Amino acid sequence: MHRISLIIPCYRDSATLGRAIESAYAQTMPAYEIIVINDCSPETEEIEKVLKAYKDVVYFKNPVNIGLAATRNKGVSIAGGEIVTFLDADDELHPQKLELQYPFVGKNCVVACNVERVAIGRLPGQWCHYEQANAKLFRGSRWMIYRNALTGASLMVYKCLLERMGGYDSDLRSCEDFDLWLRFAKEGIQINNIRLPLYRYYFNQSGLSKNYLNISNWEVKVLLKHFSRECVTLSNSKWAASVWAFYLLKQMARYEASNDPQLAELIDSNLSKLDSVSYLFTLLRLIWISRLPKAYVKLFGGL
């Protein structure tokens with residue numbers, strides 16, 4: 001059996017770090033090691049106080065803040081296990097996550113899982129016990145690009161494979177997981193998703209409007225990187241133009257939910273990039289001028 005290193009990046013998470021570590025300790029298949037990477041946090045004193053209760057946790061502190069993607073890469077570089085998996089310091093793992101994912105990981109195969117979303121301040125339900133797990137196979141980056149459906153922190157992967165892929169793109173301060181899934185798919189790496197909620201993601205409802213702008217901005221950067229890898233542009237590829245239009249509709253729906261003027265500016269800028277595709281530009285411009293009907297917000301607003 002190959003060893004699994006569990007990597008926990010940490011920044012402003014001193015209040016929840018203990019909960020995350022406890023969920024790592026509760027695994028029915030124990031990790032070979034638990035690595036906490038402090039990304040030069042202003043809460044370093046509090047983080048290190050929490051870690052005093054966990055003497056066997058491997059601890060590393062970045063000398064400067066480098067962001068989540070680069071911090072995950074740092075964890076991978078110092079990991080002693082042949083397999084790596086991740087946990088954000090404000091989230092939790094199902095007790096069987098490592099046990100149920102392990103059979104589906106391979107030298108040319110990575111594994112994700114479904115996610116349970118819990119609003120901060122609400123009590124989560126009890127974990128269920130699962131006798132077995134089934135996986136859905138995701139095929140092809142050209143299909144995956146229409147929906148960022150896989151959670152980055154749910155990943156389990158062989159360390160050598162992740163390093164061969166270049167790790168997470170440290171130029172991305174958000175949506176780095178979306179970018180990595182697309183690169184896996186483009187390279188023909190098999191992606192299995194365990195269709196059980198083995199990862200518990202805590203989110204702040206009051207911060208959703210701010211997140212809409214942040215996610216929209218970084219999604220665009222990921223799309224442009226992916227188009228470059230595919231050697232296509234908005235003007236020479238109907239597929240690329242349709243993907244761009246799809247994400248513009250999502251951004252418009254987010255604007256309806258947030259009324260953020262900065263998001264409106266981003267939409268105007270992204271819409272102008274479609275001016276070489278006259279029929280799409282005209283259609284989306286009409287939608288944007290009239291504003292997206294509220295009925296679409298339910299479909300796109302939370303994505």
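In this text, residue positions in the sequence shown follow the UniProt record's numbering: the first is 1, and each later residue adds one.
By construction, the Cβ of each residue, glycine as well, lies at the ideal position given by its N, Cα and C atoms.
All values derive from a computational prediction rather than experimental measurement.
Assigned exposure category for residue i - 16 Cβ within 10 Å defines buried
i: residue 132; result: exposed
i: residue 244; result: buried
i: residue 278; result: exposed
i: residue 152; result: buried
Inter-residue spacing [alpha-carbon to alpha-carbon] between residue i and residue j
i: residue 250; j: residue 101; result: 31 Å
i: residue 234; j: residue 273; result: 8 Å
i: residue 145; j: residue 182; result: 7 Å
i: residue 45; j: residue 276; result: 54 Å
i: residue 261; j: residue 289; result: 14 Å
i: residue 33; j: residue 26; result: 13 Å
i: residue 242; j: residue 171; result: 26 Å
i: residue 186; j: residue 49; result: 43 Å
i: residue 223; j: residue 162; result: 21 Å
i: residue 136; j: residue 80; result: 29 Å
Coil, strand or helix - residue i by DSSP
i: residue 320; result: Nothing about residue 320 can be read from this structure; the chain reaches only from 1 to 303.
i: residue 183; result: helix
i: residue 261; result: helix
i: residue 5; result: strand
i: residue 285; result: helix
i: residue 106; result: strand
i: residue 54; result: coil
Nearest candidate by alpha-carbon position, reference residue i, set the options
i: residue 191; options: 218, 213, 216 and 158; result: 158
i: residue 104; options: 126, 134, 91 and 81; result: 134
i: residue 66; options: 186, 211 and 169; result: 169
i: residue 62; options: 55, 80, 49 and 36; result: 36
i: residue 247; options: 262, 270, 237 and 227; result: 270
i: residue 126; options: 199, 231 and 228; result: 199
i: residue 30; options: 215, 84, 258 and 257; result: 84
For the region 109-118 against the region 189-203, are there 3 or more C-beta pairs whose distance is under 8 Å?
yes
The region 7-23 / the region 80-90 touching (three or more Cβ pairs under 8 Å)
Between the region 7-23 and the region 80-90 there are three or more C-beta pairs closer than 8 Å, enough to call the two in contact.
Decide yes or no for the touch test of the region 1-15 against the region 65-82: beta carbon pairs closer than 8 Å, at least 3 of them.
A contact is defined here as three or more CB-CB pairs under 8 Å, and the region 1-15 meets this definition with respect to the region 65-82.
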